[in-house]
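Colleague: What the sequence shown shows, in the working numbering, is residues 58 to 691, in sequence order.
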Amino acid sequence: MTLTAPERSATRTPRAALDAAVAFLRAGRHPDGWWQGELETNVTMDAEDLLLREFLGIRTDDETAEAARWIRSRQRADGSWATFQDGPPDLSTTIEAWVALRLAGDAPSDEHMLRAQTFVVAEGGLEHARVFTRIWLALFGLWSWDELPDMPPELIFLPKWFPLNVYDWACWARQTVVPLTVVATLRPCRPLPFGVDELRTGAVAPPLAKPWTWAGAFQRLDKILRAYSRRPLRGVRRLAMRRAAEWVLARQEADGSWGGIQPPWVYSLLCLHLLGYPLDHPAVAAGLRGLDRFLIREDTPDGVVRRLEACQSPVWDTCLAVTALLDAGVPADDPDVLAAADWMLAEEVAGVRGDWAVRRPDIPTGGWAFEFDNDGYPDTDDTAEVVLALRRVAHPAPERVRAAVDRGVAWTVGMQSRDGGWGAFDADNTRVLVTKLPFCDFGAVIDPPSADVTAHVVEMMAAEGLAHTTECRRGVDWLLAAQELDGSWFGRWGANHVYGTGGVVPALVAGGIDPDTPPIRRAVAWLERHQNDDGGWGEDLRSYEDPSWIGRGVSTASQTAWALLALLAAGERDSAATTRGVQYLVDTQLTDGSWEETLYTGTGFPGAFYIRYHLYRMVFPISALGRYLNGHPS
């Protein structure tokens with residue numbers, strides 16, 4: 058935690074700013090070759106970690122006190138907690154934080170707890186919390202399982218062509234839903250020594266939806282499933298529970314995680330525990346050890362704080378760092394670059410046919426995942442960026458690099474969806490029916506093609522000399538069709554239209570679209586209209602739910618860099634907007650060569666879950682300054 062205000066640099070030139078930033082970035086490389094910035098999210102990670110450990114009977118006083126300090130430090134003046142820095146208050150996050158602090162011994166009469174209670178009640182109370190928050194409450198008898206949507210484990214039997222089968226969900230959602238069907242079927246209840254009546258309003262359930270609507274249809278389906286669950290076919294249910302457990306166990310990664318992310322990880326541990334797997338069972342023990350590796354502890358004036366990363370991003374951070382260094386003019390055979398390249402080569406996912414093969418059974422394996430260990434779920438976004446980095450490295454074993462790059466390109470091209478775009482983890486993961494299910498009220502549950510991912514793939518293909526291919530041309534056409542009327546592009550994995558536009562413009566130009574054509578000119582005009590008075594760019598994450606925030610927000614280093622990357626690709630190097638943007642980066646750089654960026658600019662689930670990538674403040678500004686000074690890489 059920053060205890061003193063960081064010092065700004067004295068007046069620097071863009072070259073001096075770039076050199077200082079490169080030195081700062083180099084110093085952060087791990088001896089094994091990788092970079093990894095913290096992936097900061099919100100306090101539900103810490104609250105749910107305490108609740109998980111309480112449920113498993115392994116919570117300790119020390120770790121509870123450390124997590125509670127962190128949770129308290131993130132509370133807002135109005136008593137609530139938000140899902141991102143300076144964001145609006147969030148009801149479900151506040152409820153989970155309140156319950157976690159009660160576990161830590163905070164009394165409901167404490168001033169900060171009363172403020173939280175007042176906020177929760179004013180927002181509708183527990184009755185208006187999201188389903189996943191109410192599931193956590195139900196585990197401890199604080200909410201009735203009867204008041205939650207039914208989630209039958211027989212879902213595991215649905216064939217892949219049938220609506221609502223598990224592969225209709227995005228990979229992160231299916232890995233969460235399958236273990237949750239077991240948990241919801243067993244309906245455990247381990248009472249806590251306190252209640253949550255303070256957070257109830259007594260609100261009645263909303264009226265039933267009209268029968269001819271999707272909501273009405275799924276309410277009727279839920280009634281049918283509840284009736285079946287009261288008297289299931291016992292043999293079928295036993296088999297479903299066993300199949301679900303086998304499905305979960307088959308997807309555990311080498312580091313003990315499931316998918317390398319918190320949601321499926323914690324629910325898989327709950328699932329196995331409830332099925333009778335002891336804490337010392339290899340799968341459960343590995344899962345708990347892995348969670349411990351995602352913990353961050355820091356000394357503060359109030360004592361040690363402890364927080365849990367929802368995920369870790371070493372592959373993503375490393376490929377972006379290598380690209381940044383090369384953009385800055387660092388030699389392609391520099392020791393830092395070679396060490397990172399060797400590490401990325403070792404991280405290639407080869408020979409593992411994950412869930413992606415359900416929709417694309419005939420393409421060869423290859424590619425890279427986001428995390429240290431997630432071989433079952435490589436993604437096209439990381440793979441595209443790794444290829445863009447590796448292909449520029451002057452490696453002493455070029456044939457090794459070329460083979461890995463070729464495999465990554467072949468796999469990624471094969472993951473193109475029927476409409477010409479690319480999703481992150483699956484092809485054609487576009488069936489919206491699953492989004493209508495009553496328990497799908499939190500975050501994205503499908504993985505359709507997005508502009509930012511498609512752009513990165515198109516840019517990769519163009520760099521590999523494939524711009525003329527049918528697949529690349531279809532990707533370019535998809536991007537052109539996805540342009541918003543205002544000239545921008547939506548950003549699925551970063552905030553938001555600045556991120557989307559910053560990624561798409563360089564890809565279109567690389568893919569053969571002339572910078573003077575109307576789509577590029579409209580994008581440039583949009584960026585120019587949304588430049589802040591200080592010369593930077595910023596877009597508040599509220600833009601995902603409130604269009605009035607699109608392109609608006611406090612300037613940040615990463616978002617300014619995204620805008621500059623687009624302007625530079627569009628031939629605007631000498632424009633006033635570019636000059637002012639570069640000067641913003643120079644003027645706001647700190648004396649140590651870094652930039653301060655406390656605002657979140659990464660996106661997990663639009664409208665629900667956001668990320669502060671701690672390395673974004675470095676890698677993107679370095680690339681922007683490097684391309685400004687050295688030109689765009691060939």
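Glycine residues also receive a C-beta, built at the ideal position from the N, C-alpha and C atoms.
Among the candidates Thr645, Leu113, Ser632, whose CA atom is the shortest distance from the CA of Pro335?
Modeller: Start at 1 with the first residue of the sequence shown, and residue 335 comes out as number 278. If we check each option's Cα against that of Pro335, Leu113 comes out closest.
Colleague: Given this structure, state the Cα-to-Cα distance separating Met58 from Ala80, to the nearest angstrom.
Modeller: By 1-based counting over the sequence shown, the position of residue 58 is 1. By 1-based counting over the sequence shown, the position of residue 80 is 23. Residue placement at Met58 is poorly supported in this model, since its pLDDT is 40, which falls under 50; the coordinates still yield a value, given next. So the two alpha carbons sit approximately 22 Å from each other.
Colleague: Do Pro145 and Tyr685 have their beta-carbon atoms positioned less than 8 Å apart in this structure?
Modeller: Sequence index remark: in the sequence shown, residue 685 carries index 628 (1-based). Sequence index remark: in the sequence shown, residue 145 carries index 88 (1-based). Against a cut-off of 8 Å, the Cβ pair of Pro145 and Tyr685 comes out as no contact.
Colleague: Would you identify the three-state DSSP class for Asp203, choosing helix, strand or coil?
Modeller: Against the sequence shown, residue 203 aligns to sequence position 146. DSSP places Asp203 in helix when its eight states are reduced to three.
Colleague: Tell whether a beta-carbon distance below 8 Å holds between Trp594 and Thr617.
Modeller: Within the sequence shown, numbered from 1, the residue matching residue 594 stands at position 537. Within the sequence shown, numbered from 1, the residue matching residue 617 stands at position 560. Yes, the pair counts as a contact, with Cβ atoms nearer than the cut-off.
Colleague: Could you tell me whether the Cβ of Cys246 comes closer than 8 Å to any Cβ of chain B?
Modeller: The question asks about chain B, but that chain is absent: this structure has only one protein chain.
Colleague: Please say whether Thr233 and Leu212 have beta carbons closer to each other than 8 Å?
Modeller: Position 155 of the sequence shown, counted from the first residue, corresponds to residue 212. Position 176 of the sequence shown, counted from the first residue, corresponds to residue 233. No.
Colleague: Starting from the C-beta of Pro289, find all residues in its chain whose C-beta is less than 7 Å away, skip the five residues before and the five after it, and write them out in chain order.
Modeller: For the purposes of this step, residue 289 is identified with residue 232 of the sequence shown, where counting begins at 1. Nothing listed; no residue qualifies.
Colleague: Helix, strand or coil for Gln309 per DSSP?
Modeller: One-based indexing of the sequence shown puts residue 309 at position 252. Note: Gln309 maps to strand in three-state DSSP.
Colleague: What three-state label does DSSP hand Ala74 in the structure shown?
Modeller: In the sequence shown, residue 74 corresponds to position 17, counting from 1. Correct three-state label for Ala74: helix.
Colleague: Please say whether Ala552 and Glu602 have beta carbons closer to each other than 8 Å?
Modeller: Position 545 of the sequence shown holds residue 602. Position 495 of the sequence shown holds residue 552. It is not a contact, given that the beta carbons lie outside the stated cut-off.
Colleague: Return the CA-CA distance between Met518 and Val361, expressed in angstroms with no decimal places.
Modeller: By one-based count along the sequence shown, residue 518 stands at place 461. By one-based count along the sequence shown, residue 361 stands at place 304. When rounded, the distance between both Cα atoms is 47 Å.
Colleague: Roughly how many angstroms lie between the CA atoms of Asp432 and Leu326, to the nearest whole one?
Modeller: Residue numbering aside, residue 432 sits at position 375 when the sequence shown is read from its first letter. Residue numbering aside, residue 326 sits at position 269 when the sequence shown is read from its first letter. Spanning the two alpha carbons is a distance of roughly 19 Å.
Colleague: Check the C-beta distance from Cys328 over to Pro236 and give it rounded, since I have them as a contact under 8 Å.
Modeller: Within the sequence shown, residue 328 is the residue found at index 271, counting from 1. Within the sequence shown, residue 236 is the residue found at index 179, counting from 1. About 4 Å; that satisfies the 8 Å criterion.
Colleague: Using C-beta distances below 7 Å, list every residue in its chain close to Glu64, excluding the 5 sequence neighbours before and after it, in chain order.
Modeller: As a working mapping, residue 64 is identified with position 7 in the sequence shown. Cβ neighbours of Glu64 beyond the five flanking positions: Leu647, Thr648.
Colleague: State the start and end residues of the unbroken beta strand (DSSP E) segment that holds Val361.
Modeller: Working through the sequence shown from its first residue, we reach residue 361 at position 304. Residues 360-365.
Colleague: Assuming Asp485 and Arg416 are in contact, meaning their beta carbons sit under 8 Å apart, how far apart are those beta carbons, in whole angstroms?
Modeller: Position 428 of the sequence shown, counted from the start, is the residue given in the question as residue 485. Position 359 of the sequence shown, counted from the start, is the residue given in the question as residue 416. With a Cβ gap of about 6 Å, Asp485 and Arg416 count as contacting.
Colleague: To the nearest angstrom, how far is it from the Cα of Val639 to the Cα of Gly559?
Modeller: Translated into the one-based positions of the sequence shown, residue 639 becomes position 582. Translated into the one-based positions of the sequence shown, residue 559 becomes position 502. Rounded to the nearest angstrom, the two C-alpha atoms are 15 Å apart.
Colleague: Is the Cβ-Cβ distance between Ala524 and Gly568 less than 8 Å?
Modeller: The residue given as residue 524 occupies position 467 in the sequence shown. The residue given as residue 568 occupies position 511 in the sequence shown. Yes; because the gap between Cβ atoms is below 8 Å, this pair is in contact.
Colleague: Do three or more CB pairs link the segment 132-150 to the segment 73-92 at distances below 8 Å?
Modeller: Judged by Cβ distances under 8 Å, the segment 132-150 makes no contact with the segment 73-92, as fewer than three pairs qualify.
Colleague: Between Phe677 and Val555, what straight-line distance do the alpha-carbon atoms span, to the nearest angstrom?
Modeller: As a working mapping, residue 677 is identified with position 620 in the sequence shown. As a working mapping, residue 555 is identified with position 498 in the sequence shown. Their backbone Cα atoms lie some 13 Å apart in a straight line.
Colleague: Apart from the five residues on each side of it in sequence, which residues of its chain come closer than 6 Å, Cβ to Cβ, to Ala161?
Modeller: Start at 1 with the first residue of the sequence shown, and residue 161 comes out as number 104. If we look at Ala161 and ignore the five residues flanking it on each side, its Cβ neighbours are Thr121, Ala125.
Colleague: Return the Cβ separation of Leu107 and Arg129 in integer angstroms, given the expectation that the two are a contact with Cβ distance under 8 Å.
Modeller: Your numbering for residue 107 matches position 50 in the sequence shown. Your numbering for residue 129 matches position 72 in the sequence shown. Actually they do not touch by this definition, with Cβ atoms about 13 Å apart.
Colleague: Note down the Cα distance separating Glu97 from Leu536, rounded to an integer number of angstroms.
Modeller: As a working note, residue 97 is residue 40 in the sequence shown. As a working note, residue 536 is residue 479 in the sequence shown. So the two alpha carbons sit approximately 30 Å from each other.
Colleague: Which partner residues does Phe275 have in the DSSP bridge list?
Modeller: To locate residue 275, count along the sequence shown from 1; it is residue 218. Phe275 pairs with nothing; no bridge assigned.
Colleague: Does DSSP put Glu123 in a helix, in a strand, or in coil?
Modeller: Mapped onto the sequence shown, residue 123 falls at position 66. DSSP places Glu123 in helix when its eight states are reduced to three.
Colleague: Name the two residues that bound the continuous beta strand (DSSP E) containing Arg354.
Modeller: Residue numbering aside, residue 354 sits at position 297 when the sequence shown is read from its first letter. First-last of the beta strand (DSSP E) with Arg354: 352-357.
Colleague: Does the distance from the C-beta atom of Gly347 to that of Asp312 stay below 8 Å?
Modeller: Residue 347 sits at position 290 when you count from the first residue of the sequence shown. Residue 312 sits at position 255 when you count from the first residue of the sequence shown. Yes; because the gap between Cβ atoms is below 8 Å, this pair is in contact.
Colleague: Using a 10 Å radius around the Cβ and a threshold of 16 neighbouring Cβ atoms, would you call Val458 buried or exposed?
Modeller: Residue mapping note: residue 458 aligns to position 401 of the sequence shown, counting from 1. It is buried - the Cβ of Val458 has at least 16 other Cβ atoms within 10 Å.
Colleague: So, at 6 Å on beta carbons, what are the nonlocal neighbours of Val443 in its own chain, with the 5 sequence-adjacent residues on each side left out?
Modeller: Here residue 443 refers to the residue found at position 386 when the sequence shown is read from its first residue. Once the five neighbours on either side are set aside, the close Cβ partners of Val443 are Cys376, Met401, Trp425.
Colleague: Is Asp147 helix, strand or coil when you go by DSSP?
Modeller: Within the sequence shown, numbered from 1, the residue matching residue 147 stands at position 90. It is a strand residue.
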